[in-house]
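Here the sequence shown is numbered in the numbering used here, starting from 29 and rising by one per residue.
Yeah, the Cβ is synthetic: ideal placement off N, Cα and C, and Gly gets one too.
Quick caveat, the model's predicted, so the values are computed rather than measured.
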Amino acid sequence: MGVRDRGYIDPMLILHTSDWHLGRTFHGVDILDIQAQAMAEIVEWVRHHGVSAVLVSGDVYDRAQPRTEVVELLSTTLAQIREAGAYVILTSGNHDSPARLGFGSGIMSHGGVHLLTRVAEAHVPVLLSQSTDSTITVARATAPPALDPRGATLSGAFTVAVYGIPYIEPRAAAPSLDCAPTHQAVLGTVMERIDADRKERGDIPSVVMAHAFVTGAQPTDSERVVDSGGLGTVPAEVFARHDYTALGHIHRRQRVADAVRYSGSPVAYSFSEAGHPKGAWLVDVQETGVHEVTGLDHAARMDLACLRGTLDELLRDPAHTSAEGAWCQVVLTDRDRPASAMDRIRTRFPRTVELRWEPEGGRTLTQQAYSARVAEAAGAEELCAQFYDHVRHRGLSGPEQDEIADAVAAARSRGVEQ
Numbered sequence: 029m030g031v032r033d034r035g036y037i038d039p040m041l042i043l044h045t046s047d048w049h050l051g052r053t054f055h056g057v058d059i060l061d062i063q064a065q066a067m068a069e070i071v072e073w074v075r076h077h078g079v080s081a082v083l084v085s086g087d088v089y090d091r092a093q094p095r096t097e098v099v100e101l102l103s104t105t106l107a108q109i110r111e112a113g114a115y116v117i118l119t120s121g122n123h124d125s126p127a128r129l130g131f132g133s134g135i136m137s138h139g140g141v142h143l144l145t146r147v148a149e150a151h152v153p154v155l156l157s158q159s160t161d162s163t164i165t166v167a168r169a170t171a172p173p174a175l176d177p178r179g180a181t182l183s184g185a186f187t188v189a190v191y192g193i194p195y196i197e198p199r200a201a202a203p204s205l206d207c208a209p210t211h212q213a214v215l216g217t218v219m220e221r222i223d224a225d226r227k228e229r230g231d232i233p234s235v236v237m238a239h240a241f242v243t244g245a246q247p248t249d250s251e252r253v254v255d256s257g258g259l260g261t262v263p264a265e266v267f268a269r270h271d272y273t274a275l276g277h278i279h280r281r282q283r284v285a286d287a288v289r290y291s292g293s294p295v296a297y298s299f300s301e302a303g304h305p306k307g308a309w310l311v312d313v314q315e316t317g318v319h320e321v322t323g324l325d326h327a328a329r330m331d332l333a334c335l336r337g338t339l340d341e342l343l344r345d346p347a348h349t350s351a352e353g354a355w356c357q358v359v360l361t362d363r364d365r366p367a368s369a370m371d372r373i374r375t376r377f378p379r380t381v382e383l384r385w386e387p388e389g390g391r392t393l394t395q396q397a398y399s400a401r402v403a404e405a406a407g408a409e410e411l412c413a414q415f416y417d418h419v420r421h422r423g424l425s426g427p428e429q430d431e432i433a434d435a436v437a438a439a440r441s442r443g444v445e446q
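In structure tokens form, the structure reads like this:
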């Protein structure tokens, strides 16, 4: 495309995505093939739109120690994105092991894939420079802004600074950051360092990647949200000095502010996401900042259905025909609990993965194996709580929760996860 008649350079297109959670199951069912379809769509978007850089804002994997086939899917996806012409910048999320995801980052950066997993380096940007012929070059800043020639707009080109903030565990990071052990304090301290670096680099567009729960976001049931009295949230204003903030952690694609957005996950991971469009944001960045943000929708999707009624109604009612091939959450309202309910409901809805019994005015029973509940635990703390409840038949006390939180934070600080 090159230089336009009006004398400015073509925009740089950045694809904002996050929360791939590669290797995650859906109520214990392997969905790696569906995730692979979503990855293929991302590669196709890069080709079709001429994307310059793909940003993945955390939770690349679902587990700290992913299966071999999951690692292979990520490797293939990154190679295909590079072959399609885009650079890749990834940050680690709370599901990732920073040490494992970041392994070989120095070598990978020479191939155009930047793995940003170290909190101490979050204020050091990846610099994307676009020349007059629309050629993109990328480099990690290696010197203070005043001494780094790549930090300024090059002659006949413009540069975008991308700051990648990995997920920050407050208890583990607070001592080195010299701040309180809260999400708001640790992220605020890191943002102060980023803002200082951004100021020294002059008038160039800047993008921040963060994996956090920002005040005002609408969560779903499938992400780990830690918000005790608001201590788990951070205000959107902390990102105000930057042209765009590419957020991860919340699985619903949404706009918190014009320039502060969640891309959401590419695949639905809970029934609370039924009906939510899945996709990414295509960000048009020009010399003067962000010009336009456009939503891209995934065609690869999981059909989810939430059904409610008596067993006889659900098995006979033609209104539910469209749900026969969907992943189903079923709530039975029969006065008496039907015998072999799961087997019978699956004769019509074979992909039923959750069955609840909620008789009018009666108790509620969820038919879900302990193994499935463990597989879907929202984090190490919840995993411990699920196990304790299963074995001792009671929940954890406040002091017990604190002890587990401290132990998990200590393990994470040593690079151990789940």
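Exercise for review: Rank A308, F267, D362 and S298 by C-alpha distance to the C-alpha of Q282 and give the top, closest one.
Suggested key: A308
Check your understanding: DSSP beta-bridge partners for I491?
Key -> No statement about residue 491 is possible, as the shown extent of the chain runs from 29 to 446 and does not include it.
Check your understanding: How is C207 classed by DSSP in three states: helix, strand or coil?
Key -> coil
**Study point:** Residue of E352, C334, L339 and D362 minimising C-alpha distance to E382
**Key:** C334
Review point. Three-state secondary structure (DSSP) at S298?
Key: Coil at S298, not helix or strand.
Exercise for review: Answer yes if the segment 335-352 comes into contact with the segment 284-301, meaning at least three C-beta pairs across the two stretches below 8 angstroms, and no otherwise.
Suggested key: By the Cβ criterion, the segment 284-301 is not in contact with the segment 335-352, since fewer than three pairs of Cβ atoms, one from each stretch, lie closer than 8 angstroms.
Practice item. Could you give the DSSP three-state label for M330: helix, strand or coil? Key: coil
Practice item. Out of V359, G51, P198 and D206, point me to the one whose CA is closest to A239's CA. Key: This sequence places His at residue 239; Ala is not what is there. Cα-wise, what sits closest to H239 is P198.
**Study point:** Between the CA atoms of H277 and A201 - distance to the nearest angstrom
**Key:** 19 angstroms
Practice item. Starting from S157, follow its DSSP beta bridges and name the residues at the other end. Key: T165 and T187
Review point. Where does the unbroken beta strand (DSSP E) through R289 begin, and where does it stop?
Key: Where R289 is concerned, the enclosing beta strand (DSSP E) starts and stops at V288 to Y290.
Review point. Around the C-beta of A438, are 16 or more other C-beta atoms found within 10 angstroms, so that it is buried, or is it exposed?
Key: exposed
Review point. For E352 versus F377, is the C-beta distance shorter than 9 angstroms?
Key: yes
Exercise for review: For S103, name the three-state secondary structure that DSSP assigns.
Suggested key: helix
**Study point:** Through-space distance from V214 to A208, alpha-carbon basis
**Key:** 7 angstroms
Check your understanding: Under a Cβ-count criterion, where at least 16 other Cβ atoms within 10 Å of its own Cβ denotes burial, should H138 be classed as buried or exposed?
Key -> exposed
Review point. Are the Cβ atoms of G192 and A245 separated by less than 9 angstroms?
Key: no
Exercise for review: Below 6 angstroms CB to CB, which residues in the same chain sit around V254 once its five sequence neighbours on both sides are set aside?
Suggested key: For V254, the predicted structure reports a pLDDT of 48, less than 50, and the residue's modelled location is therefore unreliable. A value from the coordinates is still provided. G260.
Review point. In three-state terms, what does DSSP make of I109?
Key: Helix at I109.
Review point. Cα separation between D38 and D312?
Key: 10 angstroms
Practice item. Flag this pair as yes or no: are the beta carbons of P294 and T45 separated by less than 9 angstroms? Key: yes
Check your understanding: Do the segment 157-166 and the segment 85-92 touch if we need at least three Cβ pairs shorter than 8 angstroms?
Key -> no
Practice item. Find out if the Cβ-Cβ distance for the pair A81, I42 is shorter than 9 angstroms. Key: In this structure, A81 places its C-beta atom within 9 angstroms of the C-beta atom of I42.
Check your understanding: Does DSSP classify W355 as helix, strand or coil?
Key -> Of the three classes helix, strand and coil, the one that applies to W355 here is strand, per DSSP.
**Study point:** Per-residue burial, E97 [other beta carbons within 10 Å of its own, 16 or more giving buried]
**Key:** E97 comes out exposed.
Point to revise | Contacting residues, own chain, Cβ-Cβ under 7 angstroms from A328 (five flanking each side not counted) | key: I62, Q65, A66 and E69
Point to revise | Collapsed DSSP secondary structure at H304 in the structure displayed | key: coil
Practice item. Please go through the same chain and pick out, in chain order, the residues whose beta-carbon is closer than 8 angstroms to the beta-carbon of W73, but skip the five residues on each side of it. Key: Sequence-distant partners of W73 (beyond 5 residues in either direction) whose C-beta falls short of 8 angstroms from its own C-beta, in its chain, are L43, V79, A308, L310 and L324.
Exercise for review: Look up W48 in the DSSP assignment and say whether it is helix, strand or coil.
Suggested key: coil
Exercise for review: Can you tell me the Cβ-Cβ gap for A189 and S234, rounded? I've got them flagged as a contact below 8 angstroms.
Suggested key: 5 angstroms
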